[in-house]
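Only one structure is covered here, and it is reproduced in the block below.
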Amino acid sequence: MKNFLLYIFTWWNKQTVGTMWWTKRFGELVGEDEFGNRYYRTKGGKIDPTLGFERRWVIYPGYAEASTIPPGWWGWMHHRVDTPPVDETYTARSWQKPHRRNMTGTPGAYRPKGSVLAGGLRPRVTGDYKAWTPGE
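According to the UniProt record's numbering, the stretch in the sequence shown is residues 1 to 136, in order.
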């Protein structure tokens with residue numbers, strides 16, 4: 001019962017009932033990425049008269065986290081490119097890293113040297129500046 005109520009009343013856990021209905025009625029599956037995100041557009045690429053372009057949306061497999069959208073799909077979602085990544089034969093360059101979601105607020109977040117969360121050990125000051133004091 002709890003999961004059913006969460007499904008009805010929360011938007012951050014998968015899709016809502018309204019989004020599910022809209023997707024079934026007006027949506028056309030374009031593709032899926034390696035994270036399980038499913039990408040849709042209006043059936044047949046129909047132009048929305050209110051917006052002046054086709055609607056595009058994503059259904060997340062779990063928690064709705066926009067940073068899980070890879071760069072190729074991000075460009076398609078934001079109308080930067082017209083061709084979705086599933087229709088392209090793109091191969092990543094050797095220097096490109098695989099996409100990762102935003103890790104802020106998690107144990108995997110970046111913590112520079114000297115950060116309190118990274119142990120708080122800073123390198124010693126080299127003396128290349130003079131600290132400001134009021135009244136001088």
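Ideal Cβ positions, reconstructed from N, Cα and C, are used throughout, including at glycine.
Practice prompt. Kindly identify the DSSP beta-bridge partner or partners of Y129.
Written response: Against the sequence shown, residue 129 aligns to sequence position 129. Its beta-bridge partners do not exist; DSSP assigns none.
Worksheet item: How would you label M1, buried or exposed, when you count the other beta carbons within 10 angstroms and need 16 or more for buried?
Response: As a position in the sequence shown, residue 1 is number 1, starting the count at 1. M1 should be labelled exposed.
Discussion item. Please classify G72 as buried or exposed, where buried requires at least 16 other C-beta atoms within 10 Å of its C-beta.
Written reply: Here residue 72 corresponds to residue number 72 of the sequence shown, with the count starting at 1. With 16 or more other Cβ atoms within 10 Å, it is buried.
Item to complete: Would you list the residues sitting across from T42 in a DSSP beta bridge?
Response: Counted from its first residue, the sequence shown places residue 42 at position 42. Answer by DSSP bridge pairing, in chain order: G27.
Discussion item. I'd like to know whether the C-beta atoms of P84 and V30 end up nearer to each other than 7 angstroms.
Written reply: Mapped onto the sequence shown, residue 84 falls at position 84. Mapped onto the sequence shown, residue 30 falls at position 30. Cβ atoms of P84 and V30: closer than 7 angstroms.
Discussion item. Let's see if you can read the secondary structure: which residues bound the beta strand (DSSP E) around W95?
Written reply: Locating residue 95 in the sequence shown gives position 95, counting from the first residue. That residue, W95, is in no beta strand (DSSP E); it is neither H nor E in DSSP.
Fill in: Top-ranked residue by Cα proximity to R41, from E34, F35, I59
Here residue 41 refers to the residue found at position 41 when the sequence shown is read from its first residue. Comparing Cα-Cα distances from R41 to each of E34, F35, I59, the minimum goes to I59.
Worksheet item: Beta-carbon separation of R25 and E32 under 7 angstroms?
Response: Within the sequence shown, the letter at position 25 stands for residue 25. Within the sequence shown, the letter at position 32 stands for residue 32. Cβ distance not < 7 angstroms, so R25 and E32 don't count as in contact.
Worksheet item: How many angstroms separate the CA atom of T16 from the CA atom of E65?
Response: The count along the sequence shown starts at 1 and reaches residue 16 at position 16. The count along the sequence shown starts at 1 and reaches residue 65 at position 65. Taking the straight line from one Cα to the other gives about 15 angstroms.
Worksheet item: So who's on the other strand from N13, going by DSSP bridges?
Response: Here residue 13 refers to the residue found at position 13 when the sequence shown is read from its first residue. N13 pairs with Y63.
Practice prompt. Have a look at E54, P98, I69 and flag the residue whose alpha-carbon is nearest the alpha-carbon of P61.
Written response: By one-based count along the sequence shown, residue 61 stands at place 61. Of E54, P98, I69, the residue nearest in Cα terms is I69.
Worksheet item: By DSSP, does V81 sit in helix, in strand, or in coil?
Response: In the sequence shown, residue 81 corresponds to position 81, counting from 1. V81: coil per DSSP, three-state reduction.
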